[in-house]
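S.K.:
2 protein chains.
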Amino acid sequence: MEIKGVQDFYSDEFAHCYGCGRLNHDGFQIKTRWEGDETVSVYTPRKYHTAMEGFVYGGLLASLIDCHGTGSGALAYAREHGIELTEYNAPRFVTGSLTVNYKKPTPIEGPLEIRGKIKEIKGRKVISEINLWAGGEICVTGEVLAVLIPENFGK
Amino acid sequence: MEIKGVQDFYSDEFAHCYGCGRLNHDGFQIKTRWEGDETVSVYTPRKYHTAMEGFVYGGLLASLIDCHGTGSGALAYAREHGIELTEYNAPRFVTGSLTVNYKKPTPIEGPLEIRGKIKEIKGRKVISEINLWAGGEICVTGEVLAVLIPENFGK
Chain A
1 MEIKGVQDFY SDEFAHCYGC GRLNHDGFQI KTRWEGDETV SVYTPRKYHT
51 AMEGFVYGGL LASLIDCHGT GSGALAYARE HGIELTEYNA PRFVTGSLTV
101 NYKKPTPIEG PLEIRGKIKE IKGRKVISEI NLWAGGEICV TGEVLAVLIP
151 ENFGK
Chain B
1001 MEIKGVQDFY SDEFAHCYGC GRLNHDGFQI KTRWEGDETV SVYTPRKYHT
1051 AMEGFVYGGL LASLIDCHGT GSGALAYARE HGIELTEYNA PRFVTGSLTV
1101 NYKKPTPIEG PLEIRGKIKE IKGRKVISEI NLWAGGEICV TGEVLAVLIP
1151 ENFGK
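If you're matching them up, the sequences are chains A and B in order. Numbering-wise, the working numbering puts 33 at position 33 of the first sequence, and it's gapless, one number per residue. Every position in the second sequence, counted from 1, becomes a number in the working numbering once 1000 is added.
(1) How far does the alpha helix (DSSP H) with A/I130 in it reach, from first residue to last?
(2) Determine the chain B residues that contact A/F55 at a beta-carbon separation under 9 Å, and present them in chain order.
(3) If you draw a straight line from the C-alpha of A/C17 to the C-alpha of B/P1045, how long is it?
(4) So with Cβ pairs under 8 Å, would you call B/Y1048 a contact of chain A?
(5) Measure how close the beta-carbons of B/E1143 and B/T1099 come, nearest whole angstrom, since I'm counting them as under 8 Å.
(6) In the DSSP assignment, what residue or residues form a beta bridge with A/L145?
(7) Kindly list, in the order they appear in chain C, the residues whose Cβ is closer than 8 Å to that of A/Y18.
(8) In chain order, what residues of the same chain have a beta carbon less than 6 Å from the beta carbon of A/G115, not counting five sequence neighbours either side?
(9) Identify every run of the beta strand (DSSP E) within the region 25-98 of chain A, keeping only runs that are complete inside it and at least 3 residues long; order them along the chain.
(10) Within this structure, are the beta carbons of A/F28 and A/G19 separated by less than 8 Å?
(11) If you measure from the beta carbon of B/S1072 to each beta carbon in chain A, is any gap under 8 Å?
(12) Which partner residues does A/K122 have in the DSSP bridge list?
(13) In whole angstroms, what is the alpha-carbon distance linking B/V1006 and A/G82?
(14) Please tell me whether A/C67 has its Cβ less than 8 Å away from any Cβ of chain B.
(15) Does DSSP put A/E113 in a helix, in a strand, or in coil?
(16) Just the chain A side, please: which residues come within less than 9 Å of B/G1123 by C-beta, in chain order?
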């Protein structure tokens, strides 16, 4: 059974993200869902996503934290406002700022698990604290300030 | 004429980065060089590197700032220590931490220019302040703490 993520509930126009868009077939298509009060995404790096051989490229790790943060923002906002997710009504968040701390080299074998806690929901903003796990250890930590997409985005 | 970047002077074992490794043929292969006292890299996004249609995916922008920061670290450390770059003696930096602020949506057409200023060099650490330009505007700003790779990296 495929576990759906909040990204499966974005409207088509918001579903082209290289990191998490269900309509971007070249991208990572990560899915973010609740597990209790934590948000979870999982991604298995491709063999060429190397920093040094055997370890994951930092830009991919930043990318996963970024998309996990916008997905977490959407989930938290929907829960806070009692929005039941149906196709395709999920709120769409974009990243305002991103901080990533590389604690130790991240092994490239096997899946990476990205887990978030909601630190603050205020108006259109959601802040998440995020840990990225590999091989049973936290390798990267981060924080994302996600913002409900403005009506005039890109205009 | 191909303008070489510091990444062309990394030893083979350090040249597999998805963002900037000359030996990673699936990757971005960005090159970072001096222009006066600023460091510069240029990258043209692929058509599928979208956030929303028409705009660049934030994870790619974070990735470019990340690799630009490690390249800037290598350049600054080499200059500080009077190391003349030859094949393949460049110092190799890895990212300790990364901060990215998304100021405005980044248009996907045309090249992105990433420009860095060295804020601090201290021992094995180099901090760079980085602006990412597109279409004549700064769309993203960031800061990278880069660290000379430890002897025991990944061990």
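From the three backbone atoms N, C-alpha and C, an ideal C-beta is built for every residue, glycine too.
M.R.: Straight from the coordinates:
(1) The sequence position of residue 130 of chain A within the first sequence is 130, counting from 1. Unbroken run through A/I130 is the beta strand (DSSP E), K125 to A134; no alpha helix (DSSP H).
(2) Taking the first sequence and counting its residues from 1, one reaches residue 55 of chain A at position 55. The contacting residues are F1153 and G1154.
(3) Numbered from 1 along the first sequence, position 17 holds the residue referred to as residue 17 of chain A. Numbered from 1 along the second sequence, position 45 holds the residue referred to as residue 1045 of chain B. Roughly 13 Å between the two C-alpha positions.
(4) Stepping through the second sequence from its first residue, residue 1048 of chain B is reached at position 48. Yes, because at least one Cβ of chain A sits closer than 8 Å to the Cβ of B/Y1048.
(5) Counting from 1 along the second sequence, the entry for residue 1143 of chain B is found at position 143. Counting from 1 along the second sequence, the entry for residue 1099 of chain B is found at position 99. The C-beta distance from B/E1143 to B/T1099 rounds to 5 Å, short enough to fall under 8 Å.
(6) Locating residue 145 of chain A in the first sequence gives position 145, where the first residue counts as 1. The beta-bridge partner set that DSSP reports for A/L145 consists of A/S97 and A/I127.
(7) Given the protein chain composition of this structure (A and B), no chain C is represented.
(8) Position 115 of the first sequence holds residue 115 of chain A. A quick correction: the sequence has Arg, not Gly, at residue 115 of chain A. Taken in chain order, the residues that qualify are E38, V40 and N131.
(9) For the region 25-98 of chain A, the full-length beta strand (DSSP E) segments reaching 3 residues or more read 33-35 and 38-43 along the chain.
(10) Sequence index remark: in the first sequence, residue 28 of chain A carries index 28 (1-based). Sequence index remark: in the first sequence, residue 19 of chain A carries index 19 (1-based). Yes, the Cβ-Cβ distance between A/F28 and A/G19 is below 8 Å.
(11) Translated into the one-based positions of the second sequence, residue 1072 of chain B becomes position 72. Not one chain A Cβ lies under 8 Å of B/S1072.
(12) To locate residue 122 of chain A, count along the first sequence from 1; it is residue 122. According to the DSSP secondary-structure assignment, A/K122 is paired through a beta bridge with A/K125.
(13) Within the second sequence, residue 1006 of chain B is the residue found at index 6, counting from 1. Within the first sequence, residue 82 of chain A is the residue found at index 82, counting from 1. Using only the alpha carbons, I get a separation of about 52 Å.
(14) For the purposes of this step, residue 67 of chain A is identified with residue 67 of the first sequence, where counting begins at 1. Interface residue, yes.
(15) Taking the first sequence and counting its residues from 1, one reaches residue 113 of chain A at position 113. Note: A/E113 maps to strand in three-state DSSP.
(16) Working through the second sequence from its first residue, we reach residue 1123 of chain B at position 123. None at all; the shortest Cβ gap to chain A is about 18 Å.
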